[in-house]
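Note that the UniProt record's numbering has the sequence shown beginning at 1, numbered continuously upward. C-beta: ideal position from N, C-alpha, C; glycine also. Just so it is clear, the structure is predicted and the values come from calculations on it, not from any experiment. Before any comments, here is the structure.
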Amino acid sequence: MSGSLCKSLYGFSGEQHQQGLRFEAGEIIKVLQVADGGWWEGERDGVRGWFPASYVQILEKPVSVSPLPEDEPGNSPLPEGWQSYMSPQGRRYYVNTFTKETTWERPTNSPGTPKSPLSQKNSIPAVNGYHTSGSPLHQPDQPHPSLRKPSSDLQSPGSTSPSRKQIKETTITVNCVTFPHPNTMPEQELLKPGEWSYCDYFWDDKKDPQGNTSVSGFEVLLQKQLKGKQMQKEMAEFIRERIKIEEEYAKNLSKLSQISLAAQEEGTLGEAWAQLKKSLADEAEVHLKFSSKLQSEVEKPLLTFRDNFKKDMKKFDHHITDLRKQLASRYAAVEKARKALTDRQKDLEMKTQQLEVKLSNKTEEDIKKARRKSTQAGDDLMRCVDLYNQAQSKWFEEMVTTTLELERLEVERVEMIRQHLCQYTQLRHETDMFNQSTVETVDQLLQKVEPAKDRELWVKEHKTGDIRPVDMDI
């Protein structure tokens with residue numbers, strides 16, 4: 001992989017890594033090093049740094065996606081915002097860098113000139129949901145009934161071009177987020193195919209059975225993480241109850257070992273009985289150690305990890321929420337500017353009709369003023385769309401980075417719990433082994449119990465005489 005060239009699918013600010021490599025969509029990067037965790041080191045224009053591997057596409061050979069330096073000879077310059085490219089089939093096409101509109105026909109500054117959008121069949125190849133122009137294409141899980149008016153049909157200020165209803169919709173809007181229309185855009189490739197990664201499946205909002213939006217996809221992820229945090233808390237509580245049981249059990253065993261019942265038993269049986277009582281005290285000590293290790297090696301790590309986990313969740317939640325609010329604000333500004341442009345165009349069209357009926361200097365001045373206002377409204381809309389696209393790009397970038405971080409934290413949480421539960425079972429096995437060792441001595445002594453030997457020892461210690469009585473003589 002090292003030494004290969006890759007193309008950025010979308011821009012990366014570099015702020016998520018101490019040595020992040022900043023780049024825009026569509027740039028060529030040389031891969032220097034591939035590390036675990038989804039981060040690569042690369043070089044662009046002599047600058048080295050790290051970036052997420054999911055942000056790029058490996059190229060088999062160097063590919064240039066820059067605009068063609070020269071247009072067709074003899075043609076006038078392209079309108080502002082338009083650039084010329086060459087398709088893989090050798091056919092020239094044009095891209096509006098403001099609205100992301102693509103067309104086979106050369107755009108002009110003439111009002112009312114319709115543009116032929118690239119058809120689905122002959123469209124420019126898309127890689128991982130991105131055209132070679134570098135603009136992101138988001139695919140929603142399900143179509144939403146509210147269709148957004150595409151930015152590609154912005155009319156030239158002062159023009160009387162065909163209405164939007166005559167232009168095929170290419171995007172839809174779901175809660176201020178723009179997605180490609182499923183009927184006009186090719187299917188997107190996943191950022192991490194085959195891994196069921198968080199960064200691929202939570203872009204749309206979750207809907208209730210009635211089809212109403214309930215929570216965002218990111219909120220679904222947060223709920224999963226918060227549920228995991230609660231499960232971890234309950235596991236720690238379970239271990240705490242286990243510790244209490246062990247402590248109480250050890251206390252009762254120690255108390256029982258000190259009872260003087262059957263303390264006067266003698267012989268080999270008495271020795272076995274005394275060892276059995278002593279084994280209870282040893283077993284109590286083993287269970288006290290077990291409860292102490294459970295607290296330090298299982299319960300405490302679970303609680304500590306949960307506290308840190310909670311801080312991370314709060315940080316991610318606030319960051320993504322702020323970006324989503326900013327995106328909603330930018331979208332509202334776009335819609336407001338769109339309405340203002342429509343009103344200005346209607347005003348211009350009305351004044352143009354008045355001019356046809358009554359020719360006057362005042363009407364011509366009104367038309368010029370209306371045309372200037374329409375042009376200004378179009379410029380305002382372009383600016384709002386650009387700010388909206390920037391906000392959505394930032395939100396998209398942070399969503400990918402943050403969902404991958406949540407994914408990493410969830411893997412870390414599950415692995416941490418698994419390791420500490422394994423530690424619990426290991427301590428339990430050790431406790432059983434210690435308990436078994438305390439009983440083994442008792443078993444050995446019980447095997448040596450001999451009633452005959454006990455009788456011999458007892459008789460020797462307590463005998464009163466071995467001369468038996470005889471008959472009396474007369």
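Helix, strand or coil: how does DSSP classify residue i here?
i      : result
Pro136 : For Pro136, the predicted model reports a pLDDT of 36, less than 50, meaning its position is unreliable; a value from the coordinates is still stated below. It is a strand residue.
Glu189 : coil
Arg164 : Residue placement at Arg164 cannot be trusted, given a pLDDT of 39 that sits under 50; what the coordinates show is reported in the next sentence. Arg164: helix per DSSP, three-state reduction.
Lys207 : strand
Thr103 : strand
Ser197 : coil
Cys6   : strand
Leu43  : Note on residue identity: the sequence assigns Glu, not Leu, to residue 43. Three-state DSSP puts Glu43 in a strand.
Ile467 : coil
Gln447 : helix
Gln16  : coil
Ile320 : helix
Gln33  : strand
Arg413 : helix
Val260 : For clarity, residue 260 is Ser in the given sequence; the question names Val instead. Ser260 falls in the coil class under three-state DSSP.
Ser214 : strand
Leu59  : strand
Phe202 : coil
Arg242 : helix
Ile28  : strand
Arg48  : strand
Val459 : helix
Give me the residue from the options with the minimum Cα distance to residue i.
i      : options                        : result
Met382 : Lys339, Val298, Gln19, Glu41   : Lys339
Leu303 : Gln230, Cys199, Thr171, Val177 : Gln230
Ser296 : Arg468, His420, Ser76, Trp82   : His420
Gly38  : Trp458, Gly20, Ala53, Arg455   : Ala53
Pro281 : Thr170, Lys233, Tyr249         : Residue identity check: residue 281 is Ala in the sequence provided, not Pro. Looking at the Cα atoms, Tyr249 is the closest of the given residues.
Gln447 : Glu271, Pro193, Cys422, His17  : Glu271
Thr403 : Asp200, Glu237, Ala333, Glu365 : Asp200
Ser330 : Glu412, Lys278, Asp205, Tyr388 : Residue 330 is actually Arg in this sequence, not Ser. The shortest C-alpha separation from Arg330 is found at Tyr388.
Asp205 : Ser214, Glu285, Ser197         : Ser214
Asp322 : Lys394, Ala284, Asn252, Asp380 : Lys394
Looking at residue j and residue i, is the spacing between their C-beta atoms short of 8 Å?
i           : j      : result
Phe179      : Met399 : no
Leu348      : Gly378 : no
Glu410      : Gly228 : yes
residue 476 : Thr441 : Here the chain comprises residues numbered 1 to 474, so residue 476 is not present and cannot be evaluated.
Val439      : Leu269 : no
Gly49       : Val31  : no
Leu327      : Val174 : no
Ser8        : Glu397 : no
Ala337      : Lys351 : no
With DSSP as the reference, please indicate the residues paired to residue i in a beta bridge.
i      : result
Asn96  : Trp82
Trp273 : DSSP output for Trp273 lists no bridge partner at all.
Thr173 : Thr178
Trp395 : Per DSSP, none; premise fails for Trp395.
In chain order, each beta strand (DSSP E) run of at least 3 residues that lies wholly inside the region 360-391: Runs found: none.
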